Every structure is written in C-alpha cells, then in structure tokens.
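Report on one structure; see the data block that follows.
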Amino acid sequence: MKRIFVLLLSLTLVLALSGCIFGGGREETTVTIPNELPDEEIEITLWHAFGDANQELLQEMFDEFTEMYPNVTINQVTQGGYDELRSATINAITAGTTPTLVMGYPDHFVEYLNGNALVPLDEYIEHEEFGVDLDDFVPGFLAENQQYLDGKMYSMPFAKSTEMVVYNKTVFDYHGIDIPNDEALTWTDLEGFADTIIGDGEYQCEFLFNADSAANFFINSSRQWDAGYTTTEGDVLIDNQSTRDMLNYYKDLMDQDILAFPIEWDQDYGSTNFLQGDVCMTQGSTAGTRYNIPVEGQEGKFGQFEVGITPIIQLEDGTASAIQQGPNIAMVSDATEAERLAAWLLIKHMTNTENTAFFAMNTGYVPVRLSAFNDPDYQAFLNTDDPDRLPFSMAANVAYAQVDYYQYDPAFVGRITSSTVRQEAGFMFERIYSETQTVEESLEQMLEQLGQ
Amino acid sequence: MLEEKHNIKAWLYLAPAMILLLVFTFYPIFNAFFLVFLRDFNFLAGSFDGFTLTENFVYILNKPDFKKALLNTLMIVFVSVPVSVILALLISAWLNSIKKLQGFFQTIFFLPYVTNAIAIGMAFAFLFHRNYGLINTIFNWIGLPSINWVGLGAGYWSSMFALLVFIIWSGLAFKIMVFLSGLQSIDKQYYDAAKVDSTPRSRIFTKITVPLLSPMIAYITITSIIGAFKEYTAVIGMFGVRLGPAGNDGALVTIVALVYEAISRSGSDGAYSEAAAASIILFAITLVFTLINMQVSKKRVHF
Amino acid sequence: MSENRKPTLSKKEQAARKQKIIRLVIVYTLLTFVALFIVTPFYWMILTSLKTAQQIDRIPPILFLKPGDWQLRNFALALQAAPYARFMMNTVIVAAISTFGTIITTVLAAFAFARINFKGRDFIFMILISSMMIPGEMFVITNFMTVNTLGWIRDQSFIDALAAMSFPFMTSIFYLFFLRQTFKQVPDELYLAAKVDGTSDFKYLLKVMIPIAKPTIITIIILNAMGTWNAYIWPNLVSPQNENYRLVSNGLRNAYRDLSGQVAYNEQMSAALIVTIPLLIVFLLLKKQIMRGVSRSGIKG
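Shown next as structure tokens:
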C-alpha cells in the first residue's frame, strides 16, 4: 500500500517535471492588418475592473459601435478590482484563455509583456485608414503608454484621472484669500497661509493641508524637486541630497501642522476630516470629488461649507508636475487578425473625441484627447452654473489646467517592481510623519527594503 | 495473506479522496517544489535560465523582512495556539455543564465563524482605537491610561497584542464546536462511575474528560499549529497591506506574507521561485514543530 | 417506607446543593463574559449597518441607536447593489456539490485510516497532514491550469463554472483528520461483535460508524458549506468570463468599491449581514443534530 502510494506520488512528480503545466510561450507578436474588417462574425471581449455605473457607460459606447459594425459582438466582464483583474489576466495568459482587450495599469502591462502577451499598436495607429492622430492626445497620457522598453506603444490611454486640491472656500473667503481654479498655488503660498488658517479659532482648522496618498505625494514631489525617482529599467534614483532636502522640507511643514496625511486620524482618506473641519485643504483623486462635498446638515465644525477646487500644489522654482492615474487599454496577442482589427476599431471608438468627453463628464475621469476639451458638451460642462455639477466641473477645469505637466512613474518588473517602490515610498513618508523614524532613518529603511 | 486483502480494501476506500488529492493537492505541490530549483523562471512564457540549488532559498533568507517574519510567525504560533485551545476547552466544558441557555450560548459562540472577515477586521480595528475604542474605554473606567494599540505610530507589542486577540477570537468558534461535540459524545457511564465515587469535579475533568477528549485535543492542536504558521489573512484584515500600524509598516509581517508578496510580482522573472522557496522554508519549520508536537502527545492520546 | 417523611435535606446534601448553585452562577457569569467578548465585534457590524454615512464618521462614535434612527433602507440599498439572489443560488449549489463530495470522500477515507489495517497507513497519513503545511496560494495557479485542461474555463458554461469551483474542494484533509479521530474512538468491541455477526466492513461503516459519528459529520457539513460562503479568490479566478457565475462574496467585496476606492460601509455591513443570516439559520436548524450526544448503549456488559 505504501509502495503504491509512493508510486502514485512519483508519477505525479514526473508529470509536474515534464512541464506540461506552465506557460504556452508566445513568440514576438507579428502584426498584419487586413484591408477592411472581414464580414464574418467577430466576438471580442474586454476585461476591466469597473462597477455597474461605468459598465453602463461602456455599454452605450459599445452599442454605438455595433451599429456601425453589426457583425461584431462585444462582451465586457468586470473582474471586481484591479488586483483581481491582474491575477485573472496573468492566469489567462498562462492558460491561453485570454480576452481580446484588457484594461490595466502600466505596472500590469509590463508583466504581461514579459510573456509577449500584448500586441504593439503602432501599426494600427499609423494605418492610413484605421489610424488615429496621436497629436490630439494629451501628451502626458501618451508618454505613459509609450514608455515600454522596446519603444513600441502597447496600450492606449482610456480612463485617466489626476489629483486636485479641494479647499474650504468658506474659511478662505472669510480671510479674504482668493484661490484660483485654474492656476496652481505653491508651497510658499501655503506657508503664507499657515498663521491665518491654522488654529482653533472660528474660521480656522487644526491642519492646513491633507494629502490622501503619501505615495503619490512622494513621487510627485520628487519630480518637482528634480530629486529623481525611478527609470523604466528599474533603477531607483532616490538616494541623493535633493531627496533629503525635499523630505526635510516637508517634515518641517508637518511639524507646523501645515501638512498632514489621513493616518493622522487613522483614516484611509482625508475626506471625512475635511468635511468635519479638521483640515482646510485636501489633495486627492479627481475621481473622489463627491466625497469632499459637504451635504445638507453636514456635521462638523463648519456645517455645510462651500468648497473650491484648485490644481495640486507646485513648488516655487521647481519643475511643474502633476500625477496621472487611471487604467489604459491593451490588446492581447492571442486574438486572430480579424479580432484584433475589430478590437483596435473599438479602442479608436472609445477614445474618440465625443466618447472620451462623454465618459469624462459622467465619471471623475479626464478626457484623453485635447480636442475633447473643446467638445461643446464638455465646454458646457466646464462652464456650468448648476450648483450640483459645479464641483465636478471645477475638478475638470483643474484637470485641464494641469494638462501640460502630467507625469507618469515608470513601470518595470523584477525583484522589485514599480508597485513595490511606490508602496515603500508611501510607507516611508508615513514613518516620517508619525515620527517613528527620522528622515534619514526612514529613507535608509526604504532603500534597504528595495535592496539598494 | 490477510494483510494483502486489507491493502486492496484500503485502496478502494481511499481511492476517491486520493484521486482528488493527487490532482489538486500533490500535483500543485510538486510543481511548486520544482520551481524552487529554477533560475529566473518566467511564469508567463514558461521559460527559465538554468538550474540552481540554493539561490532562491538564499534570496528569501536574506530578505530584510525574513527574520521579522519568522519571529512574528513563531510568536503567533506559540501564543495563539495554547491560549485558544485552552480557552476553547474551558468554554466548551462550561457549555457542556449547563442545561438552560446552552443552545443560546452555543449559537453566540459560533458567530465568528459565520461572519465576514472584512467586516470583522474593521470591527476589531475599532475596538482597539486609541481614542474611543472599547478596550481603552474599559481601561479608563478602571483607572488605566489609554494605549495606542493600532493607531498612528503604535508600537510593535501593542499591535501584536491586538492581532493575537483577533486571531484567538476568530479561532474560538471552530474549536468550541469540535470540543463540544466531542464532550457530548462521551459516554455518560464514565461520569456516572465517577459520581458514585464522589470524585471532585476538577479531577473528573483532568482524569476522565480530558483523556477521553484527547483525540480531539490532538486534532485541534495539530491543525491549529499548522494554521497559525500560515497566518496572513488576519494581519491583512486588521491592518491592510501595510501589515502593521501606520508609521510601523511591516511590523507584523509573517512568512506567508512573503509568499504573497512574491506572487504579487508573478509577472517578474523568478518571482514564483521566491514564493516557492518561502513556502518550502515554512513547510520545513512547520513540519519540525508538528512532529515534535506529535511525539510529545503520543503518550497522551487515548482512543 | 415512610410516606410522610418531610423532604428535608441532610447537611451534606444542603452543602452540595449550595455548591452546585455557586458553581452554576460562576459558570453562567464566565459564559456571559465570553459571550460579550464574542459578540462585541458583531454588535459593531450591526450598528454600522443601521447608520447613515455621516453617522459612521462621527467622533466619538455612536454606540447605540434608537430604533427610530435605524436606517433600514441600507438593507434595501444593499440588496440592490449586487445580484445577491443569483450569487446566493450559485453559492448554495457549489456548497452542496463540494460538501456532498467531501462527505463521501472523507467518510470512506477516514474509515480506511481509522479501521483498516494496511501497510504504510501512518506514513501516508503523515504525508497528508504535511500537505496542509503549504500555503494555499501556491496551489492556485496549478489548479487553474488543471481546471483549464479539463475544459472548464474556455467557453465556460454554467456547469463548467460549477465544476471548476467545486471539484478542487471535494475532499479535505482537514476534515478527514477530524473524522478519523472520531472513528478511532469507536470501540474495537463493536467492530469485533459485528464481525462475529458476519457484517461486511462497508455495512459496518454504514450502520454503526456513521450513526455514531453523526455529530462530527454534521459539523463537517456545516463548516464546509460555510467555507464556500466566504470563498472569494478561487471562484472569481475560475469564472473570469462571466460575472454571473460568481459567488456571494464577490457581491460583498466589489459592489461597494468605487473609482476612488472609498466604500459605503453601512451598505457593505448590511449586505454582509444579509448574507450571514441564511448561514445562521442553517446552523440553528442543524445544531441540535450536533449536540445530540450518542448513547453507547450498544455496549453491553
């Protein structure tokens, strides 16, 4: 019996060793584009991580598309969240059960590329008939999709967002401080506000400024301070004096209660405490606008106060930089030529001027095309009088105001990945904030964690 | 001859379970085991760059977090297992000794098992809140100062304590159920005999109940140890991916956390081999302790 | 003898009775404390599910809500957030299949380990225990490939999805170990007596072992079914092409997440509660089965 068992076990071992498990290796993808979309029935699938509301918006775009190309069927499946989307896609690539199109972040795409699983889109983009004019796209968004090591463009921007600063207009108005909606303040300005705004007076807050994401704050500040962050090859460049200067500067602001993070209140986001009047300015994703708007009967120090929105804070005499986030769309290489063309046409449709404006207006996302900002509907939205829509419109205006200096952080895989570095950066800033470590110690620990 | 007959019979009874286990348990284990000897394994392309005996193990052992992960894991095992087993034993003994309200209490004690892990993680984070959590409120009532358990800048010991409470809380329901059903199955005859001799209750417990319950105690202890070595979800439930309080990230990292970290990079070359190495190291440690446990308890388990 | 004897208790009996009452009071008190410890997080969950979004954020937090303030609409909203009815049905089916499979495989295998003498029994058992020491995440990708090879992922039908979700969990060493302990506690005398009667092993298993181990078996059924309720990663992974095939945990996790990652906690808690209640009902119905002690009146003399 024992012998039989051991025999069976060894059999299983041999099976495992014979490697009939992992990976169908893929060759470099060759691209051939048919002259026109074939008549046959074509079915394409898109995987994303959107909830119901956005799925409906996508469906509207899909319905429009299928009217133009009736032989194409489009399936969209949500995987729930981005982590689930990533693992589902990775498993699908290994098993050969991939969708045609997948949304995701460059962090994910470089992983898929490591298995040659994505189709380079350059030939589609430059195609005489089916191509698009890249000049119309927001340069920052494009750059993020063109960063891959072989220089090819493996994805197109789709649902981009950025960060903005929401401030307590009631408080600032009281002190006669006027903050523009389309021009960024600097940290010097904020230092100027400190004495007026910080305190426990009737029109004051305990803290001046909250940044929702310590990681984003670090990355973006690194750019503003020219302190270096990472490269597409996976180099970590933060071990220098500029980084230290930057960290010390912000530590100083923390000591003065000018800068805070949500962990101050054991929260994940600053919106709760912003609404309750603990902090007078909060920096977060444009997708989170509605959480920062006081409601009728709002509880908190100021009740239902008025909000204003302004671009993210820049550094005086530094490099202008605003972070961009949000998923892009990529095409998976398992599809047939006909399916690929159909998928490309769908991408083109989803990112055309009208649709990108439409999508942006109904979500917190930013249009990916410059011409979309001039779309009449979008213009109306940017200039709306409707008080309910005003905050969203202000957020959109801010997004547009920052359009010239969107930056992405390079995506790479390896022993440490771009996500690892980003996460460690956030933690490092938190350690500085909580004073569990000094600036130097915190930076050293981050470098150690990253194997530097 | 008789033995052979039994072999075939055993084979028949074991077959259904064995087939499933070979396919869904042992096959994956061998796959994983195999990976640890590959260099630069590219999971997506199914390619690798040569063989290596120790590289992946060395990499894991040299990780800055490894020592911390090992210590945390060991602490979780050596504290949460004895405490929860003993607590569960006592609670089920008490439950077994009452008639009225037994069903009511039993249902309450089973609640942790049916509740949702996310919800509970949040609830516990609240319980231990530094300003208005229930624990600190009670502390203040009895004159003790508030402690920053899991909040901004909380220390290692306070957050480890909170984690252990959470783990013990989560594990009680199953243990109580097993012990209680075990207790209920003990033949009344044994107790009647003891009563005739008017043996004191504590002696009945230690000399009769516990030995009769020993198979269940052994089962619970062994499986709890194995489970405690694999602990990870409790840390995530309570602290999120930070694996510790804000300002003290990674304070409560465990060995399985290292496995997950590697798998989250599965698109990178060599990541799966790292995960495999960490799993095998964990396996070795768990095996050693389990074998020790089984040896020590061999004499004490009576069927 | 003397019909009119007044029911006075001797000093000894009085003391014993007093002791009993004291003991009961202590035990009930201890149990109540434990119950409070157990229930408190649960209470917090229920409280959160009844609050408005604003009330959740309030500092210091609200610890008690008058019935008039209960936001029962949270439950209605929660039900609409995801197709729970469908998810629950999927979950029940998967739970039923995997539990059915588990019981069959586990009962047979536990019998072998407990009752049958075969070569290498302890060695094989140890190997099985050892397999529990590997973290679950390491199994996922291989099992995914296997399930794909079996044809359950590509062009997946509902049956395919059910199979993919339940087959890898149709046996459990965890419960096998549990049942084996229970089976081993059945006295040898019963077996020998049955053998003398000429009963086959299988009949013995069916007629004697299983009834005696019924509390354990019911416990396994309940626990296994509940495991399915909370399963999230695997079911999502093996139904990537159709959200409708997924299980109840999918609705709970994802329906309340939005673009910016912020969560409507009150609705999420209400949903968690809604999903928990069927489990509780099942437990309440079955727990008598677990708790009915089995009398060993089978052993005579």
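Residue numbers (my numbering), protein chains in the order written: chain A, 361 to 812; chain B, -16 to 286; chain C, 15 to 315. From the three backbone atoms N, C-alpha and C, an ideal C-beta is built for every residue, glycine too. Just so it is clear, the structure is predicted and the values come from calculations on it, not from any experiment.
1. Identify the continuous beta strand (DSSP E) that holds I817/A and give its terminal residues.
2. Given a cut-off of 9 angstroms on the beta-carbon distance, is the pair S152/B and F51/C in contact?
3. With a CB to CB cut of under 7 angstroms and the five nearest residues on each side skipped, what residues in its chain are close to V492/A?
4. With H, G and I counted as helix, E and B as strand and the rest as coil, what does DSSP make of H(-11)/B?
5. Beta-carbon of T189/B versus every beta-carbon of chain C: anything under 9 angstroms?
6. How would you call A413/A, buried or exposed, if buried means at least 16 neighbouring beta carbons within 10 angstroms?
7. For V639/A and C565/A, what's the separation of their Cα atoms in angstroms?
8. Any residues in the segment 29 to 59 of chain C with a beta carbon nearer than 8 angstroms to a beta carbon of chain B? Which ones, in chain order?
9. Quick one, are the C-beta atoms of A52/B and A240/B less than 9 angstroms apart?
10. Against S794/A, what residues of chain B qualify as contacts under a CB-to-CB distance less than 7 angstroms, listed in chain order?
11. In chain order, what residues of the same chain lie with their CB nearer than 8 angstroms to the CB of N743/A, ignoring the 5 residues before and after it?
12. Hey, how far is the Cα of T642/A from the Cα of E697/A?
13. If the criterion is Cβ atoms closer than 9 angstroms, does the pair D215/C and K(-8)/B meet it?
14. Applying a beta-carbon distance threshold of less than 7 angstroms, which residues of chain C neighbour V6/B?
15. Please decide whether P622/A counts as near chain C, where near means a Cβ-Cβ distance under 9 angstroms.
16. For Q797/A, which residues does DSSP report across the bridge?
17. Going by other Cβ atoms of all chains shown within 10 Å of its Cβ, with 16 needed for buried, is S181/B buried or exposed?
18. Report back the beta-carbon spacing between A574/A and F621/A to the nearest angstrom; my notes put them in contact at under 8 angstroms.
19. Note down the Cα distance separating E388/A from Y246/C, rounded to an integer number of angstroms.
20. Residues of chain A with CB closer than 8 angstroms to the CB of A251/B, please, in chain order.
21. Using three-state DSSP, classify L406/A as helix, strand or coil.
22. Going by Cα to Cα distance, which pick from W(-6)/B, S80/B, F13/B is closest to L44/C?
23. According to DSSP, is S581/A helix, strand or coil?
24. Taking the beta carbon of M103/C as the centre, do at least 16 other beta carbons fall within 10 Å, making it buried, or is it exposed?
25. Cα separation between L730/A and P81/C?
26. Residues of the segment 209 to 242 of chain B in Cβ contact with chain C at a cutoff of 9 angstroms, in chain order, please.
27. Please work out which residues of its chain come closer than 8 angstroms, Cβ to Cβ, to I70/C, disregarding the five sequence neighbours upstream and downstream, and give them in chain order.
28. Roughly how many angstroms lie between the CA atoms of I238/B and Q783/A, to the nearest whole one?
29. If you follow the alpha helix (DSSP H) that T46/C is in, where does it begin and where does it stop?
30. Check this for me: beta carbons of F9/B and T372/A, under 9 angstroms apart or not?
31. Bridge partners of S515/A, per DSSP?
32. When the Cβ atoms of the segment 190 to 209 of chain B are set against those of the segment 759 to 779 of chain A, are three or more pairs found closer than 8 angstroms?
33. How about G637/A and G660/A: do their beta carbons lie closer than 9 angstroms?
34. Hey, out of Y215/B, N231/B, L270/B, whose CA is closest to A137/B's CA?
35. Quick one: list the residues of chain A neighbouring N(-10)/B, beta-carbon separation under 7 angstroms, in chain order.
36. By DSSP, does T590/A sit in helix, in strand, or in coil?
Let me spell this out:
1. Within the shown structure, residues of chain A are numbered from 361 to 812, placing residue 817/A beyond reach of any answer.
2. Looking at the sequence itself, residue 152/B is Trp, so the reference to Ser does not match. A contact, by the Cβ cut-off of 9 angstroms.
3. I485, K708
4. helix
5. no
6. exposed
7. 5 angstroms
8. R37, L38, V41, Y42, L44, L45, V48, A49, F51, I52, V53, T54, P55, F56, W58, M59
9. yes
10. L135, G136, A229, G230
11. S753
12. 48 angstroms
13. yes
14. T160
15. no
16. None, per the DSSP bridge assignment.
17. exposed
18. 5 angstroms
19. 35 angstroms
20. Checking the sequence, you will find Ser at residue 251/B rather than Ala. Those are E471, N474, V773, G774, R775, T777, listed as they occur along chain A.
21. strand
22. S80/B
23. helix
24. exposed
25. 54 angstroms
26. I209, G210, F212, K213, Y215, I238, V239, V242
27. T62, Y279, N280
28. 19 angstroms
29. 25 to 63
30. yes
31. A690/A
32. no
33. yes
34. N231/B
35. M361
36. strand
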